[in-house]
Ligand code: ADQ
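Numbering (full-length UniProt numbering), first residue to last: 1 to 496.
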């Protein structure tokens, strides 16, 4: 989406037939030397997927621009999409974003990899901020508009919006896993959140497993027997598109659709020029095998485990330091939260130790960068890598795995993928590993190396199958499949 800060929205009273509401606006704030603040686009998969629908309907995106206490007027992008900023102050940021969203819900929904904190004050702020988002959307939505609410930070928005504006068609999509009911039920505010979600007409998850977990939870909390009282789940059979749907009864008597819609990526149009790739490879000392990891620096992503697996393979001589390098790019993330700081320290200690043990001056075996890299460069790294390591303990989907596959349309390279990444449900031809078992990661890394060295045809067959799956199921299919289903669930289209 192209964004320009100098286009003010025409009229504050304008309403929209299609609204996306997400914690973040797809922009970064740029502060100029004269103190003036403008917005610059921050592209991502969701923006790419939703831009065509937003542009077609002159839609609106409601979200936080990413900095505390910044009050900005709404802006209209060159593509005709209105960006409507929500202001968060320090208390909101700490209670709603860092606290309840990322230190309570994030670990709870990722199967308790770290202990969630249950803090009633954070919960209060989460409610207040969700209320603020919902009230803003209620003002901006045209009669019978379609509103698509995104992710775990805004789970109360559908319920509040339903009360304020019963005429709206409301979809909700969760980008992270939905845990088993026994884990979920630890949450002191489980009923409130469930009721918030049930304000939607359609609740989407990535996977069939998430959907089943939600149905069990809904049955348990609304008092139905969780084993016999489940609604029929219709399985659609094709991995990668609207895999399953069911209908449940909300407390107010409405029918609510629930379904699995695995997210995907926008397929890149152009490959990186190959001379650039050779330059990058030479910079790395022309190793035979380049392993690559690309993640937000998050304790769920299993970065330390993959470094330890690499270290043990070097230690036992299964890999020779002259033959291999591991490139790890880690985007800074949630750095004020203690577990994130600890995760970073451990990763960086391991990088230093491994290089101290197996690298030479000027020839580290691990190349580590703790920053974001531009999209084009990231794509070049994907092209360059021989073996991609995606080893999360738990991940809703993991777009990195799909981005790597899409960067290898000729079937070169190999993917080592955690069984606990949502992407593993579709990318079954990857070298699947259990990240809790270091030997399993090591075995799959060696399998990938061996196959590339000795059985390149087999390796290529795997990658071509993965590539086909990702190309046939891109992010546009995901967005259209969700919106079509929302239309079916909630009746006549207002978007037509
Ligand atoms: P994330 O946890 O952020 O997303 P992921 O799906 O891998 O995880 O998406 C990360 C995105 O950031 C990718 O598009 C990747 O290219 C980009 N990225 C990562 N490191 C980067 C770097 N150093 N520089 C630049 N870009 C970088 C959440 C869920 C996932 C789910 C997505 C989408 O946790 O499970 O797949 O939402 O629903």
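Built from N, CA and C at the ideal position, the CB exists for glycine as well.
Around the beta-carbon of residue 216, 16 or more other beta-carbon atoms lie within 10 Å, marking it buried. By the neighbour-count definition (other C-beta atoms within 10 Å, threshold 16), residue 95 is a buried residue. Per the coordinates, the alpha-carbon of residue 37 lies some 44 angstroms from the alpha-carbon of residue 361. Annotation note: the region 219 to 276 contains the following uninterrupted beta strand (DSSP E) runs of length 3 or greater, listed N- to C-terminal: 244 to 249, 255 to 260. Judged by the Cβ position, residue 331 qualifies as a neighbour of the ligand ADQ at the 7 angstroms threshold, a heavy atom of the ligand being closer than this.
Under the three-state reduction of DSSP, residue 155 is assigned to coil, being neither helix nor strand. The shortest C-alpha to C-alpha distance from residue 15 to any of 474, 405, 305, 59 is the one to 59.
About 5 angstroms separates the beta carbons of residue 435 and residue 391, which is inside the 8 angstroms limit, making them a contact pair. DSSP places residue 379 in the uninterrupted alpha helix (DSSP H) bounded by 375 to 384. Residue 147: member of the beta strand (DSSP E) spanning 141 to 150, first to last residue. Within the DSSP bridge table, the entry for residue 472 names no partner.
Looking only at 83, 19, 370, the smallest Cα-Cα distance to residue 29 is reached by 83.
Rounded to the nearest angstrom, the Cβ distance from residue 385 to residue 292 is 3 angstroms, consistent with a contact under 8 angstroms.
Secondary structure at residue 203: strand, using DSSP grouped into helix, strand and coil.
Spanning the alpha carbons of residue 438 and residue 489 requires a straight line of approximately 44 angstroms. Per DSSP, reduced to three states, the secondary structure at residue 123 is helical. About 6 angstroms separates the CB atoms of residue 459 and residue 414; that is less than 8 angstroms, so the two are in contact. Counting other Cβ atoms within 10 Å of its Cβ, residue 146 reaches 16 or more and is therefore classed as buried.
Counting C-beta pairs with one atom in each stretch, the region 107 to 122 and the region 175 to 189 have three or more that are closer than 8 angstroms, which means they touch.
In the structure shown, residue 334 adopts coil according to DSSP, grouped into three states.
Membership of residue 368 in the beta strand (DSSP E) is indicated by the continuous run 366 to 369.
As for any beta strand (DSSP E) of minimum length 3 sitting wholly inside the region 372 to 446, the runs are 387 to 390, 414 to 418, 431 to 433, ordered along the chain. Contact between the region 159 to 169 and the region 98 to 105 is absent, with fewer than three C-beta pairs closer than 8 angstroms. Between the C-alpha atoms of residue 410 and residue 287 there is a straight-line separation of about 21 angstroms. Not one heavy atom of the ligand ADQ falls within 7 angstroms of the beta-carbon of residue 366. Assignment of residue 37 by DSSP, reduced to helix, strand and coil, places it in the strand class.
Relative to the non-hydrogen atoms of the ligand ADQ, the Cβ of residue 378 comes within a distance shorter than 7 angstroms of at least one. If you look at residue 53, you'll find it in the alpha helix (DSSP H) that goes 45 to 56. For residue 169, there is no enclosing alpha helix (DSSP H); the residue is found in the beta strand (DSSP E) stretching over 169 to 173. Taking all protein chains shown into account, residue 457 has fewer than 16 neighbouring C-beta atoms within 10 Å of its C-beta and is therefore exposed. Restricting attention to 376, 77, 350, the CA atom closest to the CA of residue 367 is found in 350.
Rounded to whole angstroms, residue 381 and residue 231 show a C-alpha spacing of 45 angstroms.
The straight-line gap separating the alpha-carbon atoms of residue 39 and residue 400 is approximately 26 angstroms.
Judged by DSSP in its simplified three-state form, residue 214 adopts helix. Placement of the Cβ of residue 403 at a distance of less than 7 angstroms from at least one heavy atom of the ligand ADQ is found. Contact check for residue 17 and residue 142: beta-carbon distance about 5 angstroms, within the 8 angstroms limit, so the pair qualifies.
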